[in-house]
Structure formats: C-alpha cells, structure tokens
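Quick note: the sequence shown uses this note's numbering, first residue 1, plus one each step.
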Amino acid sequence: MDLTDRRTLLKLTGGAGLVGLAGCLSTTDDGGDGDDGSDGSDGSDGSDGSDGDDGSDGSDGDDDSTEAYEIGMVDSQTGSLSSFGERNQRGVNLALQHVNEIGINDRELDISVEDSESENQGGIAAAQKLVNQDGVPFLIGAVGSGVSLAIYESVVEGTDVVQLSQNSTGLELTDFPGLLRMSPSGLSQANALADLIAEDGYDEVALTYVNNDYGQSLADAFVDAWEGEIAYENSHDGDQSSYSGVISEMDSSDAEAWLFITYQAEFATMVNEVFSSGYEAQFYGADSVSGDDVLENTPEGSMDGMKIVVPSAPVEEENYQTFASAFEDEYDRQPTSWAAYAYDCVINAALAIQAADEFTGEALQDTVRRVSGPDGEEVTSFEAASEILADGGGPDDVDYQGVSGPIDFDENGDPIGFLQVQEVQDHDYEGIDFIEG
1 MDLTDRRTLL
11 KLTGGAGLVG
21 LAGCLSTTDD
31 GGDGDDGSDG
41 SDGSDGSDGS
51 DGDDGSDGSD
61 GDDDSTEAYE
71 IGMVDSQTGS
81 LSSFGERNQR
91 GVNLALQHVN
101 EIGINDRELD
111 ISVEDSESEN
121 QGGIAAAQKL
131 VNQDGVPFLI
141 GAVGSGVSLA
151 IYESVVEGTD
161 VVQLSQNSTG
171 LELTDFPGLL
181 RMSPSGLSQA
191 NALADLIAED
201 GYDEVALTYV
211 NNDYGQSLAD
221 AFVDAWEGEI
231 AYENSHDGDQ
241 SSYSGVISEM
251 DSSDAEAWLF
261 ITYQAEFATM
271 VNEVFSSGYE
281 AQFYGADSVS
291 GDDVLENTPE
301 GSMDGMKIVV
311 PSAPVEEENY
321 QTFASAFEDE
331 YDRQPTSWAA
341 YAYDCVINAA
351 LAIQAADEFT
361 GEALQDTVRR
371 VSGPDGEEVT
381 SFEAASEILA
391 DGGGPDDVDY
401 QGVSGPIDFD
411 ENGDPIGFLQ
421 VQEVQDHDYE
431 GIDFIEG
C-alpha cells in the first residue's frame, strides 16, 4: 500500500474495511453506567408504556398516537471515555433536531439515555433499566467494545431488541452478528498501522496497550499484521497516576518507533513522562489516543510528528459537508467522525421505525438493516428517505447513505468505513492521508 501517493478518499468494503435542541434529549442524574464512550447524554424521561421486556411499547407505526417514539442509549458521560460521550452527544442532538423537524408518522423521536460511567457493569445496569424497565425496542450503545459486548450478552441477546453501537471498534464484535455497529472494525486500523510504520522505514516497534478487550484485540491484530520485530510488548492498566515503568521499558527496548493503543487520559500521562524524561521516539497511535484532552494536557512540542490512524467520515462527500456545516453552525466547532457515527445511529433508528409495521423489537429487527441496504434508492438525508417511506415505499426502497459513509451492514453487523492518517503538527492534528485497509 502506497500511502504517499494516496490523496483521495477510498471507499472500503466489508467488515475489514477501514475506517433548538433542548427537549430533544432527556437527561437525568440517576442513570446506569458503562465504559463504551458513547455520545455523552445520560438521561431518561421514563417508560414508553411497555409492560414487557421485549423492547416494545405495543404501539403501531401507523396508529393515531401522538406520543413520541422512545428509544434508549447507553453512553459514557463520566469515566475514562467521557470525552467520546461529549463529542457524540452533539451528533445525537443534531440528528434528533433533523428527525423531529420532519417527524415520524406525525410523531417525534425521544432518546432516553443512561450513563455507563465507562464501566462494563455500569453499562449492563444502564441497559437493564432501558430494556427491562423502560421497554425500549431499540438501544444505541456503546462506545467501548467491552461494554457493548457486556450489554449484548447480559441484556440484549435472546430478546428482539435492536442494539446498534455508535463507536465500538473491537474486533470481537464481528463474532456477534446480532450486535450491529456504525463504526468499522479495528482490524483495518491494525493493518494500516503496520503498513504505515513499515513504510516510514522502521523494522522494530515497542508496543503498549490498555488492558481490556479493546486494547488486547487491537494489539493482537497489529502483532499479526506486523512483519518486523516486536522489541517490547506489554499491557498497562487504565486510570493510573503514572506510567513511568512502561515508558522506561519502552525506551530500554531501543526501538525507535513506539505504538500506543490506549485512551486519552492514559496517553497524556505517558506523553508528559516521556517529555520530562527526555526520551525520544517516533510515536504512533490508534484512534483512542487522539483528542482535545491530550492536546490540552501535554506540553507543546511533546508529540510533534506523531502519526495516528483514526476512523473517518467521507469528508469530501456533499452530505458530510452539509452535516459538518450544520454542526459548526450549532456548536461552533468541527465534528469528529465519532459525532458522525452517533448522528447516523439516530437517523438509522428513525428510518427503521418509520419503515416498520409496528414499534416493536421484532419489527425493527426486520427493517434496521434494510433501510440503509444497497437495494433501494440512494438518499443522503432523513428528509429524503422519509419521503420515500411516506409515499408508500418499503424498507428495501431506501438506501440511506450516512454522513459517516455507506451503512451497508454485512452478515456480521459491520459497516463500510474509512480511515484517515493524522499527524501532530504544531500541537494539533492535521489529516495527511486517507487509506484503504
């Protein structure tokens, strides 16, 4: 793969492919928790009237009810992935605004959100409330792969509830086809990082990764893809006050290329310790080390030249640019790819609801993949897709093209995706390439 010559966005296929708002989103302080790093909203406005645990409120999509359709979301408002939650909340709120400007069968969409606190058990508790007590038929969540899997195995599996993760990239999700995700698998990231480091001229690497499902699976995939020498490989626990031992061992390995697969807070601590110790290396990173929290908590010049591979939206496409413009108008900042994934989760859910015969998990299981499948008419907005459905079209008549890219879920529940290479320049992230996995 020649990264140097690629300067156009390449579409990737399959599971191994790379990479007015008040009142729209209800919030509360008594939610559950989970470590999935979702869009960051954490509230619940109560039950939708269901008396069962199959995620159904018993209402028909074509009835005369004016009550809002209510779905659920498990998000990281607190904990190690809360920065992802904050980013994603903006995408969710913007999507709700766009959906409710049009409506679904003359009704609005509400999202009841519970905080996961970025922990597996918290995610399970949050999902139990949403599914078993509130009776939601559609659950968005989570960001952290371990949390998404914990929710699916403990709460969702065996029910008709649709679970669609906004940001989980863990490789193991591919083994659970009933668990859908909007962001691409991390396998493509691992392959791209191996190619990138080799093409930069390095033949050995020191690797550290966070000790959880996300870190372990991505590290294993990188080691499988890497054809050079692994001079150092070790995990580290999250939420530690110091990683001086890890940094010292990486330096002692004599590898000139260091790869970090961890989260923003942990990586910022590592960067500060590298900088204060005077160590020098070429840094590389997976997507989870990139973010404002790192920039704000590390010295200028401490990361310059670092390269990071991140999932990316198709930024050259018109529908993404329209989304980005609306996002900047609303929030005075550019969206991240994570916000785009969260946005598309909401739009996909809204279209699945409109296309279904009734508002039940069983009905939504039938429509959630089809409204963005390749058989229908390509549309790039909720409004255009909704018009097709309102005019008598069915789920196979619509092919919603998301702002994060095409959403053609494969048999494993994985989407098409894109990857971008970022480089730290003048203590900021600059996109330097889009690549194919």
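Ideal placement from N, C-alpha and C gives every residue a C-beta, glycine not left out.
Quick caveat: nothing in here was measured; it's all calculated off a predicted structure.
7 Å CB neighbourhood of residue i in its chain, flanking five on each side removed
i       : result
Cys-345 : Ile-140, Leu-164, Gln-166 and Met-182
Gly-376 : Asp-396, Asp-397, Val-398 and Asp-399
Glu-383 : Ile-102
Gly-91  : Asp-39, Pro-335, Ala-339, Ala-340, Ala-342 and Tyr-343
Tyr-331 : Arg-90
Thr-298 : Ala-268, Val-271 and Asn-272
Whether residue i touches residue j by CB criterion (8 Å)
i       : j       : result
Gly-186 : Leu-218 : yes
Ala-350 : Ile-104 : yes
Ser-290 : Val-310 : yes
Ser-148 : Leu-179 : yes
Gly-72  : Glu-119 : no
Glu-273 : Ile-308 : no
Leu-193 : Ala-286 : yes
Val-162 : Leu-389 : no
Pro-137 : Gly-361 : yes
Tyr-427 : Gly-278 : Correcting the residue type first, residue 427 is His in the shown sequence and not Tyr. It is not a contact, given that the beta carbons lie outside the stated cut-off.
Arg-107 : Glu-67  : yes
8 Å CB neighbourhood of residue i in its chain, flanking five on each side removed
i       : result
Phe-407 : Sequence check: residue 407 is Ile here, not Phe. Excluding residues within five positions, the ones whose Cβ falls inside 8 Å are Met-182, Asp-344, Asn-348, Ser-372, Tyr-400, Gln-401, Pro-415 and Ile-416.
Gly-14  : With a pLDDT of 31 at Gly-14, under the threshold of 50, the modelled position of this residue cannot be trusted, and the question is left open.
Phe-222 : Ala-190, Leu-193, Ala-194, Leu-207, Leu-259 and Ile-261
Pro-177 : Glu-411, Asn-412 and Gly-413
Tyr-263 : Ser-80, Leu-81, Val-210, Gly-238, Ser-288 and Val-289
Met-303 : Val-271, Phe-283, Val-294, Val-424 and His-427
Residue i versus residue j - alpha carbon distance
i       : j       : result
Ala-339 : Arg-87  : 6 Å
Val-421 : Ser-312 : 9 Å
Ala-268 : Phe-434 : 25 Å
Phe-275 : Gln-128 : 44 Å
Ser-168 : Asp-160 : 21 Å
Phe-327 : Leu-96  : 13 Å
Ile-197 : Phe-84  : 26 Å
Asn-319 : Ala-231 : 44 Å
Gly-122 : Val-131 : 14 Å
Ala-126 : Asp-293 : 26 Å
Gln-89  : Asp-115 : 12 Å
Arg-369 : Asp-224 : 31 Å
His-236 : Asn-211 : 5 Å
Ala-352 : Glu-358 : 10 Å
Val-74  : Ala-142 : 6 Å
Phe-418 : Glu-317 : 12 Å
Tyr-429 : His-98  : 29 Å
Val-379 : Thr-174 : 27 Å
Ser-65  : Gln-354 : 14 Å
Gly-228 : Glu-199 : 11 Å
Gly-374 : Gln-240 : Per the sequence presented here, residue 374 reads as Pro, with Gly not at that position. Using only the alpha carbons, I get a separation of about 46 Å.
Tyr-284 : Gly-392 : 51 Å
Gly-215 : Glu-387 : 43 Å
Pro-184 : Glu-117 : 23 Å
Ser-325 : Asp-220 : 38 Å
Supposed close pair residue i, residue j - CB separation, criterion 8 Å
i       : j       : result
Pro-335 : Phe-323 : 7 Å
Tyr-202 : Ala-257 : 4 Å
Asp-337 : Ser-404 : Inspection of the sequence shows that residue 337 is occupied by Ser rather than by Asp. About 7 Å; that satisfies the 8 Å criterion.
Gly-146 : Asp-213 : 4 Å
Val-424 : Gly-305 : 7 Å
Tyr-69  : Leu-109 : 5 Å
Gly-144 : Leu-81  : 6 Å
Glu-266 : Tyr-243 : 7 Å
Contacting residues, own chain, Cβ-Cβ under 6 Å from residue i (five flanking each side not counted)
i       : result
Ser-154 : Ile-124
Gly-431 : Gln-420 and Gln-422
Ala-356 : Gly-61, Ala-363, Leu-364 and Thr-367
Glu-296 : none
Ser-381 : none
Gly-46  : Because Gly-46 carries a pLDDT of 31, less than 50, the predicted location of this residue cannot be relied on, and the following value inherits that uncertainty. Hits under 6 Å: none found.
Ile-385 : First, the amino acid is wrong: residue 385 is Ala here, not Ile. Cβ neighbours of Ala-385 beyond the five flanking positions: Leu-351, Val-379, Val-398 and Tyr-400.
Glu-233 : Leu-207
Leu-9   : Only weak support is given to the placement of Leu-9: the predicted model assigns it a pLDDT of 34, under 50, and the question is left unresolved by the model.
Contact with chain B by residue i, beta-carbon distance below 8 Å
i       : result
Asp-287 : Judged by its chain identifiers, the structure shown contains no chain B, having just a single protein chain.
If you scan the segment 299 to 333 from start to end, which runs of the alpha helix (DSSP H) of 4 or more residues do you find wholly inside it? 318 to 331
Taking only runs that begin and end inside the segment 94 to 169, name each unbroken beta strand (DSSP E) of 3 or more residues, in chain order. 109 to 115, 138 to 140 and 162 to 165
Kindly provide the ranges of any beta strand (DSSP E) runs that are 3 or more residues long and lie completely inside the segment 180 to 216, ordered along the chain. 204 to 210
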